[in-house]
Amino acid sequence: MFQYAVRRVLISIPSIFGVILIVFLMVRLAPGDPALLLAGEFATEATLERIRERFGLDRPTHEQFGIFIVNLAQGDLGRSTRTNRLVTSDLRQFFPNTIELAAAAIVIAFLIGIPAGIIAALKQNTWADLVVMFGALIGVSMPVFWFGLLAILYFSVQLGWFPVAGRGTWQHLVLPAFSLGIGTMAIIARMTRSSMLEVLSQDYIRTARAKGVMTSSVVLKHAFRNAMVPVLTVGGLQFGTLMAGAVLTESVFTWPGIGRLLVDSILARDYPVVQGAVLLIATSFIFINILVDALYAVIDPRIRYD
Amino acid sequence: MTESVKSPGAEPGLPPGGAPPPTPPGHGGRPTGPASAPQRKTTPRWRKRLARSPIAVAGFTVIGFFLLVVAFAPFLAPYSPTRQALRSSYVPPMAGVSLRGPEGQLGLWVRDVSRSPIAGVQIGEEAYPVRFLVRGESWTWFFGLVTSDMRLFGVDGPIRWYALGTDEQGRDLLSRLIHGAWISLFIGLISVFIGVAVGVPIGAISGFYGGATDLVVQRVVDTMLAFPGILLAIVLVATFGTGLTNVMIAVGIASIPIYARLVRGSVLSAREREYVEAARALGLGRLPTLFKHVLPNVMAPIIVQSSLQMAVAILFAAGLGFLGLGARPPEPEWGLMLARGREYLAVAPHVATFPGLAIVFVVLGFNLVGDALRDALDPRLSQ
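Shown next as structure tokens:
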């Protein structure tokens, strides 16, 4: 498995390189003078000159890319044009909050999605199945930001159960995590249902039933464990997607995460921060997926990578 | 019953594992010659399955309704989507509307409504009936080809009414929703078109030729897929600027790798089959074989994906509009309308509620059709 993980990391090197290239090109392809984009609209001529010097903007593009990579390797992503803070310290401050939100979202998604899917599978073609499946369909069809707004309106403004926005106590986390998790919850419920149905039709389940094993025991001990393998994988791969979904959720709940940092920076044309945030989200997406793939082998011993 | 469309030499059996190349709907290679004449009369099996599916009926009904709204928007909408009435901003839905007239007669009757921060909602004395086919503000449609002042329904009197309330500038929310429908449809259609037009050939060539081409293409696709969900569209919009056109292109480009991956997988399993070998043995070149015989046989997953992709594109575009990275005011784009409603959520919740409902409705329609198509085109995939 270790070997597999190493190989996956090696395979993903071209992707990471591609991500860096795209992030690099963002500033070069955007309309306007790259120096102005990197220094901010109100930069003085002296600052512009310094930026041109630092990023080699008067040199050919491939050399600029070389400089960009060297800077990146040294952990230098430049400074925010709005706050003049180091981009890396901005990222370090906001990124853990996004991880917190995404982790809470995926926990909620599993906690609700799996039981819902199991019920739907056990009560196939009954009203319970119908309700779960229709709910899941609504879940993937709903804009998260809309659900977030309605949740704020109902649970925060009218009932006063949760704070309207921001981050701090666990109450702050409930609504954003739930809103963010809804899509994943729907996917997990659907996946659990179809996976359970498939496992329940297997011969060993029939054998267990024929032996006189109690239904609850068949479902929990025999079927559930085997049905969970694909569900955990699909759910795990959703974690990275949640970080992108957080862009919208964080904006609704003014959650101080990297998604909101990204959107605010785009709107303020703060390109160094935009570059840093995009780079961080994309690379962590790649690494999380590698991790989930490797864990796949841990939960299912039948799978061996060679 | 025989499959009504198939490539020459295609075997009806299933491939041994791998992605299935099911019967393609609308395959250009319609059977010709006397031998295949009876086939033309039979309805393809997938279409029968589709007609029997309640999911498909529900989905197509929703989309049909949506298309009608797009086509007849100015006729259906009571007012222009941009006309402001500042004395009636944030009027709640159905304000001043009653089901009984002044003399107790049944029907929809409305009274004049205004709202100001100091006086609150004020409702006038005189009631006017709502009637079908009322003359109102004149409108032009289809690039000026159609001009009329006829509306499907409206108040028969000198006042305005707001079935779903008004926004911050006193614009009729219902009219804005109706006029915004085409934006969602266009974003979906154009971005799916971009995804198919670029992604399908790329994936097909990558899968069919293999080797170095495949390697290079797949690394590019990998890179694009490294941007999860809406992020690639955000990156493109951040680079090339906001606005409706850029959103369509960005969402379209973001869907290219999905099509490329999907088609590559299907082509990989299809290219090993006998009909490909037969076509090549008959002296057909590689590219013609790919486009004439392989591609039509991998159409089913592309069609399913396109319906689901319409849903995703509409959601993404609304999300970008909501973030302020998409359509710009006063465009009645649903995501943008939702964002405007957010500022006065507690005072006028309807401004954010209805555009969201409209999005859910349309996205649900495309998701239902996508699910139904998948079930019909490839029963092995469904439970």
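Protein sequence lines correspond, in order, to chains H and U. Residue 1 is where the first sequence starts when you use the numbering used here, and the numbers rise one by one after that. Residue 1001 is where the second sequence starts when you use the numbering used here, and the numbers rise one by one after that. Quick reminder that beta carbons are idealized off the backbone N, C-alpha and C, glycines included. All values derive from a computational prediction rather than experimental measurement.
Would you please state the rounded distance, in angstroms, between the beta carbons of residue i and residue j? I believe it to be under 8 Å.
i	j	result
Ile1183/U	Glu1333/U	5 Å
Ala1095/U	Gly1165/U	7 Å
Val144/H	Gly245/H	6 Å
Val1294/U	Arg1261/U	Rounded, the Cβ-Cβ distance is 16 Å, inconsistent with contact.
Leu77/H	Gln275/H	7 Å
Ile290/H	Ser12/H	6 Å
Met191/H	Val231/H	5 Å
Leu1108/U	Val1130/U	4 Å
Gly1365/U	Gly1124/U	The pair is not a contact, with the Cβ atoms about 39 Å apart (cut-off 8 Å).
Counting only C-beta atoms, is residue i closer than 7 Å to chain U at any point?
i	result
Met196/H	no
Ser179/H	no
Gly257/H	no
Trp146/H	yes
Met228/H	no
Ile13/H	no
Ser89/H	no
Ser251/H	yes
Thr215/H	no
Leu280/H	no
Ala165/H	no
Pro272/H	no
Go through its chain and collect everything with a Cβ distance to residue i's Cβ below 8 Å, but skip five positions before and after it.
i	result
Val140/H	Gly183, Ala186, Ile187
Ser1116/U	Arg1087, Gln1122
Phe65/H	Leu21, Phe24
Phe1132/U	Leu1152, Phe1153
Ala294/H	Met1, Tyr4, Ala5, Arg8
Ser251/H	Phe145, Gly259, Arg260, Val263
Taking 7 Å as the limit between beta carbons, can you name the residues of its chain near residue i, skipping five residues before and five after?
i	result
Gly1319/U	Ile1230, Gly1335
Thr1289/U	Val1276, Ala1279, Arg1280
Phe1227/U	Val1235
Gln124/H	Leu197
Ile299/H	Val229, Leu232
From what residue to what residue does the beta strand (DSSP E) around residue i run?
i	result
Leu57/H	Element bounds for Leu57/H: n/a, residue is neither H nor E.
Ala1127/U	1120-1141
Ser1089/U	Note, Ser1089/U: premise wrong, no beta strand (DSSP E); not H, not E.
Leu949/U	Any answer about residue 949/U is impossible in this case: the structure gives chain U only from 1001 up to 1383.
Gly8/H	In the sequence as presented, Gly is not what sits at residue 8/H; that position holds Arg. Counting along the chain, Arg8/H falls outside any beta strand (DSSP E), though it belongs to the alpha helix (DSSP H) covering 2-11.
Less than 7 Å between CB atoms is the rule here; does residue i satisfy it with respect to chain H?
i	result
Arg1219/U	yes
Asp1378/U	no
Gly1324/U	yes
Val1351/U	no
Asp1222/U	yes
Gly1195/U	no
Phe1227/U	yes
Asn1367/U	yes
Gly1356/U	yes
Leu1231/U	yes
Using a Cβ-Cβ cutoff of less than 6 Å, which residues in the same chain neighbour residue i once the five nearest sequence positions on both sides are dropped?
i	result
Val1247/U	Ala1317, Leu1320, Gly1326
Pro1081/U	Ser1175, Arg1176, His1179, Pro1332
Leu1185/U	Val1070
Tyr1162/U	Val1091, Asp1172
Pro1074/U	Trp1139, Trp1141
Val278/H	Val23
Between which two residues does the alpha helix (DSSP H) carrying residue i extend?
i	result
Gly252/H	Note on identity: in this sequence residue 252/H is Val, with Gly being the wrong assignment. Start and end: 225-252.
Thr1289/U	1286-1289
Arg1384/U	Any answer about residue 1384/U is impossible in this case: the structure gives chain U only from 1001 up to 1383.
Thr184/H	170-200
Gly1326/U	That residue, Gly1326/U, is in no alpha helix (DSSP H); it is neither H nor E in DSSP.
Phe1366/U	1350-1377
Trp1182/U	1173-1209
Met133/H	127-141
Would residue i count as contacting chain A if we go by Cβ distances under 7 Å?
i	result
Leu1364/U	No chain A appears in this structure, whose protein chains are H and U.
* **Three CB pairs or more closer than 8 Å across the stretch 1289-1306 of chain U and the stretch 1368-1378 of chain U** => Segments in contact, yes.
* **Given 8 Å, three or more beta-carbon pairs between the stretch 15-28 of chain H and the stretch 1211-1229 of chain U** => yes
* Are the stretch 77-94 of chain H and the stretch 157-164 of chain H touching, with three or more C-beta to C-beta distances below 8 Å? -> At 8 Å Cβ cutoff, the stretches do not touch.
* Using 8 Å as the Cβ pair cut-off and three pairs as the minimum, do the stretch 1246-1254 of chain U and the stretch 1184-1204 of chain U touch? -> yes
* Asked: Is the stretch 1138-1151 of chain U touching the stretch 1043-1050 of chain U in the sense that three or more CB pairs, one from each, lie closer than 8 Å?
  -> no
* Is it true that the stretch 48-56 of chain H meets the stretch 226-243 of chain H, where meeting means three or more beta-carbon pairs spaced less than 8 Å apart? -> In the pairwise beta carbon analysis, the stretch 48-56 of chain H is classified as not touching the stretch 226-243 of chain H: fewer than three pairs are separated by under 8 Å.
* Asked: Is the stretch 29-40 of chain H touching the stretch 262-272 of chain H in the sense that three or more CB pairs, one from each, lie closer than 8 Å?
  -> yes
* **Three CB pairs or more closer than 8 Å across the stretch 199-218 of chain H and the stretch 258-267 of chain H** => no
* Report yes or no: do three or more beta-carbon pairs, one from the stretch 187-206 of chain H and one from the stretch 113-123 of chain H, lie closer than 8 Å? => Contact between the stretch 187-206 of chain H and the stretch 113-123 of chain H is present, with at least three C-beta pairs closer than 8 Å.
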